[in-house]
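Below: one structure, written as C-alpha cells.
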Amino acid sequence: MTTAPITGTWFDGRSAAGNPVALAIDGTTLAATLADGEARRWALRDVTVAEGFEHAPRMLRLDDEGVIEVTAGTGDLAVALRAAGVQDGPVVRMQRHRYAAVLGLVLCIAVGIFAYDAGLPAAARVAAEHVPPEVEQRIGAQLRDHADDMFLKPSRLPAERTASLDRRFAQLAAQAAPGVTYQVVWRRMYDLHAINAFTLPGGTIVMLDGLTDVASDDALVGVFAHELGHVVHRHTLRQMFQVAGIGGAVGLVFGDASATLTTVAAMVLTVGYSRDMEREADAFAATALKASGIPVEPLAEFLATMQAREDERGQVPQFLSTHPVSSERIDALRRAAGTAASVRPVAPP
Amino acid sequence: MRGIGRAWRAAAWSRAIIDTPEPPPAVSTLPAAPVAAPEATATAHPAPEDRLAGYEAPFLFTGTGAEYFRIWVVNLLLSLVTLGVYSAWAKVRKTRYFWQNTRLAGHAFDYHGRPAAILRGRILALLLFLAYSWSFEFSLNAGFATIVVLCVLAPWLLLKSAQFRLRNTSHRGLRFGFDATLADAYRVALPPLVLWLGTVGAGATIAYRQSAGVFAALIILPLLLSVLMPWIHARLKWFVHAHASYGDRMFRFEPAGKAFYKTYLKAAALAIVLGIGAFAIGTVFMSLMTIARVHETIIQLVAVGLAALTYALVLPYMSVRLQQIVWEHTQVDATDGQPVVHFGTTIRAWPLLRLVFVNVCLTLVTIGLYWPFAAVRFARYRIECMRMSSIAGIDAVTRARLTPGTSAVGDAVGDTFGFDIGL
C-alpha cells in the first residue's frame, strides 16, 4: 500500500546543498524520488523520526546519509507513518491529548503542593535523622565560631542572672526533653540591641542581651522552651535540607527564566517552612512549660508586647522578623497550655 | 579580498544595524542558550545576480507560546515526578523545539544531544555544586581543596560544554563543530576563575584569621576582576566564536577587547549618572517617608526599586551593544571559491527592555505560567533580529569531519555554575 507523496529536502550529510525529493512510505520502506528521477530507499527502522511540531519542518534522520527535512504536508506524513506502524514516543502521544496541557498543569500543581506540604518536610526529616550527631555538632560549631568572629560579643549579663537562668533551663529540659543535648550561650550583638534568641545545629541556643534586657526571667524560660523545641525537632538541620530541596525544585521550574526569580521564589517558599517550625516549637514550649508547672502567660505576654511594639513603631523588632508573631499564634500558645484566655492588648512598656 | 569584504559589510550593516527603526520582519538568532551556536550560512538557490549584489539570509522563528506551553508543562510534570531525572530528556525536547523552529533561509536547525549524556553531566554538576556550597562549612582545607579542583576542572568543562552544544547542532544535514584546545580553554578561563574563587576563599578565610594579607586580597582581587572584566568577557566570546566551525568552514572572531572596554565604560558612566539621580530622588523620598513614619519595609522597598530601575536601564543597553559587537566581529572565513559570511544583529535596547519588562511582569502575575510564552517571544525577537549575509550561498560547503560521542558533562556544569559564555 502506498501513501500520498510528501515533499521535502534531502541533505546528504556531505554537502549543505539540498536535493528536493518526493517521499512515500511503502510498507516498511521510506522511498525518496529526486528531481532527476533517481530513487533512494531506506528501511524505516533505520530512520529516526523526530518529534513533529506545528510549524517546524519534521526531520527524518538517516544516520550516515544526512537528513530529510519535510517542509510541507507534515499531516500527511504523520498519517503515513502511523499507517506504517511508526509510533511517536509515549510522552509525545500523551502530550497530544486534547486536555494534556490542562491535566499536566493540574498535576504539576498537585505534585508541587504535595511535595511542599508533605514530601520535602518528610524527606528533610529522614535526611536529618541520617546526619551523624558529630557532623551536626561540627556544622553548629563552625557557624558559632563564624558568628562570634563576625558579629557577636560576650554577654554583659551579670553572672548571677545567667547562672540562675541556666539552672531553671536545666530543670525544664530535664523534665521536658530528658537526654537531649543542648548548650546555652550568652552573647551580645555587635552594636545593636537585637531582641533575639536563636538555635544552631547541634543544640546550641544563643541568647542575646537585647532580649534578656527586656524580658523577665519567667518569659526567658518560655523563650528557652521554644528554642529547645527547635533543638528537639532538629529544626535548623531540617531547614538546611528543606532550603536545598526548595532551591532544586524552584530551579527546575524557573531555572531557565532568571536567577533572581529563582532566588525570590525560594525565599518566599522557605518562609512558609519557618512559620511551621515556629508553630511546632511553640507547641513544644506549651507542653514543656505545662509539664514543668511553669505558667505560659509570661511568654505569651512578652510576645504580645513585642507585637504591640511593632504596631506602635511601624518597625519590626529583630525578634519578630525571625519569630513572626500573630494574635493567632499567641492565642494558640495560651490554648495549648490550657490557660485559654483571649488576647488582651498590652500597652507598650 | 578582506578589504572588499569589509567595505561591503560596512555598507550592508550600516543600514541594518544602525538605522533600522523596526526589527525587520524576517531575520534572527538563537534561542535560549546564550551562546547560541554561531549560525550557519545560507541560501538555497544563489542566483547569479545575488553573487554580485550580496545576499542576506533571513532568520525566522516559527514557534508559538501555546505550543511550547504544552511541551513545557509536560516536561515540568515529568521532571517533578522523577525528582529531576527527566529534566535531561526535557532539555533535549526543549532545545529541539527551539532549534527546529529556527529557520535560516528556509531551512531549520536540528539538535542531536543525547539525554543520557546530559543526565551524567547534571549529576556531576550537582556534586560539584554541593561541594562548592558546603565545603567551607566543614573546614577551610576542604574549601580550598574544592576551589583548586574547580579551577582545574572548569576550563575543561567550558571546552566540553561548547563542544557538546555545537557538535550536537546541525543545519542542512551538517554539524557545527568546535575545535579549541584545552590550552586555549585554560588561558581563557583561568584568570577570572582564580580572581573569583580567590575572592570566595579570602572571604571564607576572614572568619578564621583576620590578617592584613587576607584583607588586601579581599580588596585587590575583586577590584582586579572588575577592571579586567571587559577583557575577560571579550576573551570568552573569542573562545567560542573563533573556534566554531560549520562543515569544513571555520568561524573567525576579530579581537574585540577595545570595543568591549568602550561599552563597559559607557555602561558604567550611564549607571553612575542614573545612580546619582536615583540617589537624589531616593534621599528626598526617604526623608519624607521617615518624617511621615512610613513603615520601614516600604522605605526599603523604594530603595531596592530605585536600584533595580538603574540596573534595568543599564543592563539592556550593555547586553544589546555587546551582542552587536560580538556578531559584527564574527565571520565565516572564505575557503576555496566560497565567500566570506558576515553576521549582525538589529537587536536594540529599548524594544528589548520593553519585552523583558512585559515578560517579567506577566510571568510574576501568573506565578510562572506565562513563562513559556515569554520564552517564545524572547526567542523570536532575538532570532529574528539576527542577520547573516554573504556574497553567495552555501550550497558548496562540504562535509565536516564528524566527531560523535562528545560528553555533555561540560554543558550541564556550565548551566549550574552559570558560566554563560555568550549572549
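First to last, the protein sequences are chains P and V. If you want the numbering used here, it's the position in the first sequence, counting the first as 1, plus 59. If you want the numbering used here, it's the position in the second sequence, counting the first as 1, plus 961. For glycine and all other residues, C-beta sits at the position ideal for the given N, C-alpha and C.
With fewer than 16 other beta carbons inside 10 angstroms of its own, C1322 of chain V counts as exposed. Chain P has a Cβ within less than 7 Å of the Cβ of A1069 of chain V. V1281 of chain V is not a Cβ neighbour of K1198 of chain V, given a cutoff of 7 Å. Rounded to whole angstroms, D1209 of chain V and A1018 of chain V show a C-alpha spacing of 20 Å. Annotated as proximal: V126 of chain P and G1134 of chain V, with beta-carbon spacing under 7 Å. At a cut-off of 7 Å, the C-beta of V126 of chain P has a neighbouring C-beta in chain V. Here the segment 238-245 of chain P makes contact with the segment 284-299 of chain P; the two share three or more CB pairs at distances below 8 Å. The segment 1038-1056 of chain V and the segment 1099-1114 of chain V do not touch, with fewer than three beta-carbon pairs separated by less than 8 Å.
Counting C-beta pairs with one atom in each stretch, the segment 1177-1185 of chain V and the segment 1113-1132 of chain V have fewer than three that are closer than 8 Å, which means they do not touch. Per DSSP, D1294 of chain V lies in no beta strand (DSSP E) segment and is marked neither H nor E. DSSP, reduced to helix, strand and coil, places S1187 of chain V within a helical segment of the structure shown. The CB of L166 of chain P comes closer than 7 Å to the CB of L1038 in chain V, given here in chain order. Using a Cβ-Cβ cut-off of 7 Å, V170 of chain P counts as an interface residue toward chain V, since at least one Cβ of chain V sits closer than that to its own. Neighbourhood of F70 of chain P in chain V, by CB distance below 7 Å: R1133, G1134, in chain order. Nearest to H1204 of chain V by alpha-carbon distance, out of V:A1123, V:G1045, V:L1091, V:G1074, is V:A1123. Contact annotation: the segment 1336-1351 of chain V touches the segment 1303-1314 of chain V, with at least three C-beta pairs closer than 8 Å. Excluding five sequence positions before and after R120 of chain P, the CB atoms of its chain that fall closer than 6 Å to its own CB belong to T107, V126, given in chain order.
Distance from F1221 of chain V to T1291 of chain V at the Cβ level is roughly 14 Å; contact not present, criterion being Cβ atoms closer than 8 Å. At a cut-off of 3 residues, the continuous stretches assigned as beta strand (DSSP E) that sit fully inside the segment 1207-1249 of chain V are 1210-1214.
Contact between the segment 94-113 of chain P and the segment 160-174 of chain P is absent, with fewer than three C-beta pairs closer than 8 Å.
Each of V:V1109, V:F1137, V:T1142, V:S1187 was checked against the Cα of L1158 of chain V, and the nearest Cα belongs to V:V1109.
Considering only P:A174, P:A218, P:R141, P:V145, the residue with the shortest C-alpha distance to A308 of chain P is P:A174. Short of 8 Å from the beta carbon of L1143 of chain V, and not among the five residues preceding or following it, lie these beta carbons of its own chain, in chain order: P1116, W1117, L1120. Rounded to the nearest angstrom, the gap between the Cα atoms of F1139 of chain V and L1038 of chain V is 34 Å.
Contact annotation: V1337 of chain V and G1024 of chain V have beta-carbon atoms nearer than 7 Å.
When DSSP states are grouped into helix, strand and coil, D225 of chain P belongs to the helix group.
In the structure shown, I1308 of chain V falls within a coil segment according to DSSP collapsed to helix, strand and coil. Nearest Cα to A1077 of chain V within the set V:L1041, V:F1125, V:R1031: V:F1125.
Counted as a single uninterrupted DSSP element, the alpha helix (DSSP H) harbouring Q1061 of chain V occupies residues 1048-1061. Taken in chain order, the whole alpha helix (DSSP H) runs of length 4 or more contained in the segment 263-348 of chain P are 268-273, 276-291, 294-313. Chain V places no beta carbon closer than 7 Å to that of H294 of chain P, leaving this residue out of the contacts. Inter-residue distance for Y1047 of chain V and G96 of chain P is about 45 Å (C-alpha atoms, whole angstroms). Residue range 88-93 is occupied by the beta strand (DSSP E) that includes T88 of chain P, with no alpha helix (DSSP H) assigned at that position. For the set P:A367, P:I264, P:A324, the Cα lying nearest the Cα of V244 of chain P is the one of P:I264. When beta bridges are read from the DSSP output, K212 of chain P appears opposite P:R247. In terms of beta-carbon proximity, Q154 of chain P lines the interface with chain V, with at least one pair separated by less than 7 Å.
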